[in-house]
Amino acid sequence: MKRSLTVALLLAAAWLAILTLGLPAAARGVTAPDAFYDPTVAAMLAQVTQAQVYSYVAQLSGETPAVIGGEPYTITTRHTNSGLPIQRATQFVYEFMQQQGLGVSYHNWSACGTSGRNVIGVLTGTLKPQEIVLITAHLDDMPSIGAAPGADDNASGSVGVMIAAEILSDHPFERTVRFAFFTGEEQGLCGSDVYAGAVYAAGDNIVAVYNMDMIGWDSTGDPVARLHTRMSGAGYAADLAIAGVFTQVVQAYGLSNSLTPVIDADGEDRSDHSSFWDRGYAAILAIEDDANDFNAYYHTSNDRLQYLNFAYFTAFVKASVGTAAHLARVSLPLAALNGAVTDAITGEPIGGARIDARADVTRSGQTWTDAQGRYALKMLAGTYVVTASAYGYAPLAIEGVTLHSALTTTQDFALNAMTFYTLSGSIHDALIARPVSATITIDGYPHGPIVTDPLDGNYIVRLAEGVTYTLHVSPNVAGYLPADRLIGALTADRVEDFALQPDLAACVAPGYLFTGVRESFTITPTNWLISSGASGAGWRITTSGLGNNTGGSGPYALADSDGTGPGVPMDTALMSPPHDFTGQPSVTLVFKTHFSYYEFGSSEVADVDVSVAGGPWQNIWRRTADYYGPHTEVIDLSSIAAGQALVQVRFHYYNAVWDGWWQVDEVQLGRCAPAREHRVYAPVMMNNAGP
Numbered sequence: 000m001k002r003s004l005t006v007a008l009l010l011a012a013a014w015l016a017i018l019t020l021g022l023p024a025a026a027r028g029v030t031a032p033d034a035f036y037d038p039t040v041a042a043m044l045a046q047v048t049q050a051q052v053y054s055y056v057a058q059l060s061g062e063t064p065a066v067i068g069g070e071p072y073t074i075t076t077r078h079t080n081s082g083l084p085i086q087r088a089t090q091f092v093y094e095f096m097q098q099q100g101l102g103v104s105y106h107n108w109s110a111c112g113t114s115g116r117n118v119i120g121v122l123t124g125t126l127k128p129q130e131i132v133l134i135t136a137h138l139d140d141m142p143s144i145g146a147a148p149g150a151d152d153n154a155s156g157s158v159g160v161m162i163a164a165e166i167l168s169d170h171p172f173e174r175t176v177r178f179a180f181f182t183g184e185e186q187g188l189c190g191s192d193v194y195a196g197a198v199y200a201a202g203d204n205i206v207a208v209y210n211m212d213m214i215g216w217d218s219t220g221d222p223v224a225r226l227h228t229r230m231s232g233a234g235y236a237a238d239l240a241i242a243g244v245f246t247q248v249v250q251a252y253g254l255s256n257s258l259t260p261v262i263d264a265d266g267e268d269r270s271d272h273s274s275f276w277d278r279g280y281a282a283i284l285a286i287e288d289d290a291n292d293f294n295a296y297y298h299t300s301n302d303r304l305q306y307l308n309f310a311y312f313t314a315f316v317k318a319s320v321g322t323a324a325h326l327a328r329v330s331l332p333l334a335a336l337n338g339a340v341t342d343a344i345t346g347e348p349i350g351g352a353r354i355d356a357r358a359d360v361t362r363s364g365q366t367w368t369d370a371q372g373r374y375a376l377k378m379l380a381g382t383y384v385v386t387a388s389a390y391g392y393a394p395l396a397i398e399g400v401t402l403h404s405a406l407t408t409t410q411d412f413a414l415n416a417m418t419f420y421t422l423s424g425s426i427h428d429a430l431i432a433r434p435v436s437a438t439i440t441i442d443g444y445p446h447g448p449i450v451t452d453p454l455d456g457n458y459i460v461r462l463a464e465g466v467t468y469t470l471h472v473s474p475n476v477a478g479y480l481p482a483d484r485l486i487g488a489l490t491a492d493r494v495e496d497f498a499l500q501p502d503l504a505a506c507v508a509p510g511y512l513f514t515g516v517r518e519s520f521t522i523t524p525t526n527w528l529i530s531s532g533a534s535g536a537g538w539r540i541t542t543s544g545l546g547n548n549t550g551g552s553g554p555y556a557l558a559d560s561d562g563t564g565p566g567v568p569m570d571t572a573l574m575s576p577p578h579d580f581t582g583q584p585s586v587t588l589v590f591k592t593h594f595s596y597y598e599f600g601s602s603e604v605a606d607v608d609v610s611v612a613g614g615p616w617q618n619i620w621r622r623t624a625d626y627y628g629p630h631t632e633v634i635d636l637s638s639i640a641a642g643q644a645l646v647q648v649r650f651h652y653y654n655a656v657w658d659g660w661w662q663v664d665e666v667q668l669g670r671c672a673p674a675r676e677h678r679v680y681a682p683v684m685m686n687n688a689g690p
């Protein structure tokens, strides 16, 4: 453990070098500590209370219900693969940041054999918006089964991000601040790795990443707060600069009796900051004393708030808020712009109107009116062009709107209504003349989706001129493929019909019949053949600990070279029974699959072949590299198998000696076609047809 004196000497020497020589070119995101006392920052820290910290961690850890989507919900687990609970947890922090007025989005990811979504909030900078400070924590937790409160790991760090977002959102900063809640951390930093790769590919100028993980535990009364940096190299000085801001915040704002910062230049990589190190970004991990006072309830169902030290926890959050504020750099006092947007003829308020104000690339703002048509913006002083726009109205831009620091300017708008036209049509089956119930979402139309008449498939909606529209048609019954269509702007009434294609691969649309071979491997099929070669190692039907990664459920077919062990060659085929497709004009093969390839092995191969009338096998699908599921493969075999008798397929896994594994499920070989005319009904839903 690095004691305080050692750290002080290390900091002094490092800062002397940085101030004298400057940072390396690749690490100039954060300069020497600017964490001098600032009364605005002091006021921010004063807003952090122990009661607030307790309330937020209680909601995240399931001790008290959280309000999510307007309804109370108890978050019993935040495990990445928990389904609804992690969806609700991410929705909770999404709505929380939305309430602070931040721009919020989900960042969906798929990696590590699973998937999830991160939540990103954005507070745009006033002077240098292209420079980005990232304040992060992982939202997911452990254990994977049962209750997983995860109060310390990592509701505590997530609370730090929540409170930073809540407080910083009320102030202007020179730099842009992103508040990130990652999932998939416990599975291998999965969510943060995908996000870091995405921002790196986009060229985002992230100047600092401050990551909080487990900041609520202190059982010894020795309030160590560890700050992990890289050990050396181009990024070390930049990491140290971020840690230096934290230590200066502790000193400048009277937190020294509550926190003892210790900088560990050890390259600790077991949290989400490491994903940003991998892309060359400056980043640190802020954590409790993970060296000498580790949480005794780590990754158990007893990681509950009753074991947290709330005085220490609150001080850590205060220091984190101050660190974020100084990294982002508090801006000058803002000017206020208020006003109302009304209908020019009726005088009625227009809710949901967008207000855009722009002076130059560093001075701009955007907001929306409330239900009473009123809006409020805070921006840097200057002369702006302010534009009001609302659906169904002609936009109005007013130039020369001058804003003064610490003063309020009022600018009202009266908008003229535009002409509306009728868009109508019907949704029907592409192969049979019958209606299909569907929901239509319209890009450019703010009043929500519309639902077709369940009896005749018709729809009708009134749309304003001057807007480019795209329609997205989603069937309300299984078995049909969605459809999208760009229709542009309307200049007259228009009819747009949609012919939905049945999903012939799934063949579950009402009135369609499948002819052929179907196998879901719920039990070992007696009419399928398995050849296992000389070693006897071959395909088996199982629910092994690998899990069904194909996208199917329950048992599946598995050829597992890895599980067979060293020195055992595997050359195995799983063969369907022959089927007669005489008179059938088309044949399609559908199967779900997952293939894990061992790159240092024996060049294993996964083949799918087809044979007609006992003839030679023809290869139709091959994988010689990782092909992680879920994957649904659809292969048209009409040119080979249509009209043929005795058609077989085989799944052939070979050249494998203690290598990877191949999973196959829900195999379908045949033809899907309508049996008879059939109207596709759905429950009656109210149309949202607009004005």
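Take the sequence shown: its position 122, counted from the start at 1, is 121 in numbering that gives the first Met the number 0, and no numbers get skipped.
A virtual CB, placed ideally from N, CA and C, is assigned to each residue, including glycine.
It should be emphasised that the depicted structure is a prediction, and the values quoted were computed from it without experimental measurement.
According to DSSP, is residue i part of a helix, a strand, or is it coil?
{"i": "alanine 251", "result": "helix"}
{"i": "arginine 87", "result": "helix"}
{"i": "histidine 227", "result": "strand"}
{"i": "tyrosine 55", "result": "helix"}
{"i": "isoleucine 241", "result": "helix"}
{"i": "leucine 557", "result": "strand"}
{"i": "phenylalanine 419", "result": "strand"}
{"i": "glycine 73", "result": "In the sequence as presented, glycine is not what sits at residue 73; that position holds threonine. Three-state result, threonine 73: coil."}
{"i": "isoleucine 639", "result": "helix"}
{"i": "tryptophan 276", "result": "helix"}
{"i": "threonine 563", "result": "helix"}
{"i": "phenylalanine 293", "result": "coil"}
{"i": "alanine 498", "result": "strand"}
{"i": "glutamate 398", "result": "strand"}
{"i": "leucine 545", "result": "coil"}
Going by the CB atoms, is the gap between residue j and residue i shorter than 8 Å?
{"i": "aspartate 217", "j": "arginine 229", "result": "no"}
{"i": "asparagine 337", "j": "threonine 246", "result": "no"}
{"i": "tyrosine 209", "j": "alanine 41", "result": "no"}
{"i": "serine 155", "j": "isoleucine 67", "result": "no"}
{"i": "alanine 179", "j": "asparagine 117", "result": "yes"}
{"i": "serine 388", "j": "valine 494", "result": "no"}
{"i": "serine 274", "j": "aspartate 203", "result": "no"}
{"i": "threonine 587", "j": "isoleucine 634", "result": "yes"}
{"i": "aspartate 152", "j": "asparagine 294", "result": "yes"}
{"i": "leucine 167", "j": "alanine 323", "result": "yes"}
{"i": "threonine 75", "j": "alanine 146", "result": "yes"}
{"i": "leucine 92", "j": "serine 157", "result": "The residue asked about is misnamed: residue 92 is valine in this sequence, not leucine. Yes, Cβ-Cβ distance for valine 92 and serine 157 is below 8 Å."}
{"i": "isoleucine 431", "j": "proline 673", "result": "yes"}
{"i": "serine 330", "j": "leucine 126", "result": "yes"}
{"i": "alanine 556", "j": "glutamine 662", "result": "yes"}
{"i": "tyrosine 392", "j": "glutamate 464", "result": "no"}
{"i": "tryptophan 660", "j": "glycine 600", "result": "no"}
How many Å lie between residue i and residue j at the Cα?
{"i": "alanine 150", "j": "alanine 50", "result": "15 Å"}
{"i": "glutamate 287", "j": "glycine 190", "result": "23 Å"}
{"i": "valine 206", "j": "valine 132", "result": "6 Å"}
{"i": "valine 103", "j": "alanine 314", "result": "27 Å"}
{"i": "aspartate 428", "j": "proline 501", "result": "7 Å"}
{"i": "aspartate 265", "j": "threonine 79", "result": "28 Å"}
{"i": "threonine 299", "j": "glycine 551", "result": "30 Å"}
{"i": "leucine 20", "j": "aspartate 268", "result": "Per-residue confidence for leucine 20 stands at a pLDDT of 32, beneath the threshold of 50, marking its modelled position as unreliable; no derived number is given."}
{"i": "cysteine 671", "j": "phenylalanine 590", "result": "15 Å"}
{"i": "proline 348", "j": "glutamine 98", "result": "23 Å"}
{"i": "alanine 327", "j": "glycine 553", "result": "50 Å"}
{"i": "threonine 30", "j": "tyrosine 280", "result": "Note that threonine 30 scores 45 on pLDDT, short of 50, meaning its location in the model is unreliable and no value can be drawn from it."}
{"i": "aspartate 455", "j": "glycine 447", "result": "21 Å"}
Any idea which residues DSSP pairs residue i with across the strands?
{"i": "isoleucine 517", "result": "Going by the sequence as given, residue 517 is arginine instead of isoleucine. Looking at the DSSP assignment, arginine 517 forms a beta bridge with Gln667."}
{"i": "tryptophan 620", "result": "Val607"}
{"i": "serine 530", "result": "Ala572"}
{"i": "leucine 485", "result": "Thr469"}
{"i": "aspartate 342", "result": "Leu414"}
{"i": "threonine 440", "result": "His471"}
{"i": "proline 673", "result": "Tyr511"}
{"i": "valine 92", "result": "Partner(s): none; valine 92 has no beta bridge."}
Inset, instruction - Entirely within the region 124 to 212 and at least 4 residues each: give me those alpha helix (DSSP H) ranges in chain order. - result: Within the region 124 to 212, the complete alpha helix (DSSP H) segments at least 4 residues long are 156 to 167 and 189 to 200, listed from N- to C-terminus.
Inset, instruction - Could you name each continuous beta strand (DSSP E) segment of 3 residues or more that falls completely within the region 353 to 388, going from the start of the chain to the end? - result: For secondary structure counted as the beta strand (DSSP E) over 3 or more consecutive residues, the region 353 to 388 holds these complete runs in sequence order: 353 to 359, 362 to 367, 373 to 378 and 381 to 388.
Inset, instruction - May I have a chain-ordered list of the beta strand (DSSP E) segments no shorter than 3 residues that lie completely inside the region 101 to 125? - result: List check, beta strand (DSSP E) in window: 102 to 110 and 113 to 122.
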